[in-house]
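Contents: one structure, followed by commentary.
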Amino acid sequence: MRLLILLLPLLALPASATVYQCLHKGEISYQDNPCPGATPPLKSPPSKAATRSDTLADIALPEPSIPPGPPRALAAGAEIVLVSGYESETRQVRVDLDRPGKRVLLVLSSYHAIDWLVVPSARTQLSAVLYSKTASDGEASVKAGKAARYPVTLPYSYEADNKHFVQILAHLNGWFGRSSVDSFHGAYSLARQVSIRQPDAPNPMLTLQGPAAQNLPSQLEFGLWNTEQQLEPWTVNGPHSGRKQGYRDIGLQTWDETGKVMYTLENDQLVRSERRSGKRESFALPGTFPRLSWPTALAYDTRRHIVTLSSLGGEGLLYRFNARSGKWLDYRSLDNLDLNALSYDAKADRYMGWSSEGSLVFLSHACQLQTTRRILDQLSGFGRGYDRGNESMPRLALYASSPEVALVRIEAGVVEQVWHYNFNSGKATLSYSARQP
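For reference, each letter of the sequence shown is one residue, going -17 to -1, 1 to 420 in mature numbering (1 follows the signal peptide of the UniProt record, and there is no 0).
Okay, here's the thing in structure tokens:
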């Protein structure tokens, strides 16, 4: 007789000190005592924080498989209410649910451990409570009368425009086939009492799909390199071919006007590679130039055949290289302005950058600063690509042709979002989202 024993202290199972999932003759059972033949359980240390490649927002569509969760029937006919925060003002947080005649599935998540007290009104049917905490600072607890309680593994998120919120929705969708929540209460520090009396107004930010992209009559077209080193034509509304994934991640690379010569950065040296012959040349910075601190982007001036390299750190610098002579020209200070994306606009004969503060930066062809425009607050759904406050902004690619610019976010080979910005109107619009049909 073969016996498979799985210890699941963190998966979604009815709450108890330790719950065991036992597999015997193809049938799964849950019990409070160890499975026959099991060794004593081990308490593992908390897992490391997820890296970018671990997160749902970074993985190519469709979403990866979600670990087994609570019974699917818990959400049948139920409103889903999510309460989430980093910490709480007091160790105990009381959640009052007043949804007369409604069935409610309550989801609780936090970073630090919280003692939850769930109090439904007399006519509110509490289907179950799912609860999770991230830190290793003690155990969370839930008092919810006779309602079933399920410890689960979920991140916390006190704002909807955050990748961790998207991860929560992805898990709920995998477990229950529900791609949105009906009510969301988030706070960095949760108050000692939270009251839920009404569902939230319809809001695309509370859905897995996110904000809707708008189809625009833009004339702007650009190309994105796929993993087969072929240039895929795009508009701000999407790819001509329908290909949504399998693209080169945004990084330190640019191409000449023919698309036959690529410039990259390796070991702090500019590398020129010819596609057909495979010939490679490296060009180190002159010893008289400031040391390269944190290189972020490359752009190619198609009029003058100049490669420009941007670097963060210190005052922020731009380094210029003559592609025809194969020599470094000079460098420019940006006076403490950090760029993490750079593009050459041949139509306007200028550079455009994206700052670490969420602004478009306009530079002359000689890399002299002209002006900046902060548009971060106009980029609908931008926050869903990272954990604001704990991570740097996602890297963007810019494709400018005055008076328009496309801002493109690529993660793990998937073009996740495209925003269109018009210099004349000063308006930014989400024009493409991979999460929409």
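Quick reminder that beta carbons are idealized off the backbone N, C-alpha and C, glycines included.
Predicted model, so just to flag it, every value in this text is computed and none were measured.
Where DSSP assigns a beta bridge to Asp79, which residues make up the other side?
DSSP output for Asp79 lists Val102 and Ser178 as bridge partner(s).
Using a 10 Å radius around the Cβ and a threshold of 16 neighbouring Cβ atoms, would you call His403 buried or exposed?
Buried, because 16 or more other Cβ atoms sit within 10 Å of the Cβ of His403.
I need the straight-line Cα distance from Glu211 to Trp238, nearest angstrom please.
Going by the C-alpha atoms only, they are around 15 angstroms apart.
Under 7 angstroms Cβ to Cβ from Ser347, same chain only, skipping five residues before and after it: list those, please.
Hits under 7 angstroms: Arg333 and Gln353.
Could you please give me the residues that DSSP links to Gln236 through a beta bridge?
In the DSSP output, where bridge partners are listed per residue, Gln236 has Thr247.
Hey, how far is the Cα of Pro386 from the Cα of Asn407?
Taking the straight line joining both Cα atoms gives about 6 angstroms.
The beta strand (DSSP E) spanning Val397 covers which residue range?
Segment Val397 to Asn405, the beta strand (DSSP E) holding Val397.
With a Cβ-Cβ cutoff of 8 angstroms, do Ala131 and Lys116 count as a contact?
No, the pair does not count as a contact, with Cβ atoms beyond the cut-off.
Would DSSP call Lys262 helix, strand or coil?
Coil at Lys262, not helix or strand.
Taking DSSP as the reference, what is the three-state secondary structure of Leu320?
Note: Leu320 maps to coil in three-state DSSP.
Would you mind listing the beta strand (DSSP E) stretches within the segment 278 to 308 that are 3+ residues and don't spill past its ends, in chain order?
Taking only runs of at least 3 residues, the beta strand (DSSP E) segments lying wholly in the segment 278 to 308 are 289 to 295 and 300 to 305.
Whose C-beta lies closer than 6 angstroms to the C-beta of Ser124 among residues of the same chain, with five residues either side of it excluded?
Excluding residues within five positions, the ones whose Cβ falls inside 6 angstroms are Asp98.
Work out the CA separation of Leu253 and Asn186 for me, nearest whole Å.
Approximately 47 angstroms between the Cα atoms of the pair.
Cα separation between Tyr133 and Leu109?
Cα-Cα distance, rounded: 13 angstroms.
Less than 8 angstroms between the beta carbons of Asn323 and Leu281, yes or no?
Taking 8 angstroms as the Cβ cut-off, Asn323 and Leu281 do not qualify as a contacting pair.
State the DSSP-derived secondary structure class of Asp313, mapped to helix, strand or coil.
Asp313: strand per DSSP, three-state reduction.
On the premise that Leu317 lies in contact with Tyr302, defined as a C-beta separation below 8 angstroms, what is that separation, rounded to the nearest angstrom?
Not really, about 11 angstroms apart at Cβ, beyond 8 angstroms.
Look up Gly160 in the DSSP assignment and give the residues it is bridged to.
According to DSSP, Gly160 bridges with nothing at all.
By alpha-carbon positions, which one of Lys310, Ser308, Glu374 and Ala349 ends up nearest to Glu340?
Ranking Lys310, Ser308, Glu374 and Ala349 by Cα distance to Glu340 puts Glu374 first.
Classify Gly409 as buried or exposed, calling it buried when 16 or more other Cβ atoms lie within 10 Å of its own Cβ.
Its Cβ having fewer than 16 others within 10 Å, Gly409 is exposed.
Closer than 6 angstroms by C-beta to Glu264: which residues in its own chain qualify, once you throw out the five before and the five after it? Chain order, please.
Hits under 6 angstroms: Arg255.
Tell me whether Leu253 sits in a helix, a strand or coil according to DSSP, three-state version.
Reduced to three states, the DSSP call for Leu253 is strand.
Return the CA-CA distance between Gly84 and Glu62, expressed in angstroms with no decimal places.
In a straight line, the C-alpha of Gly84 is about 11 angstroms away from that of Glu62.
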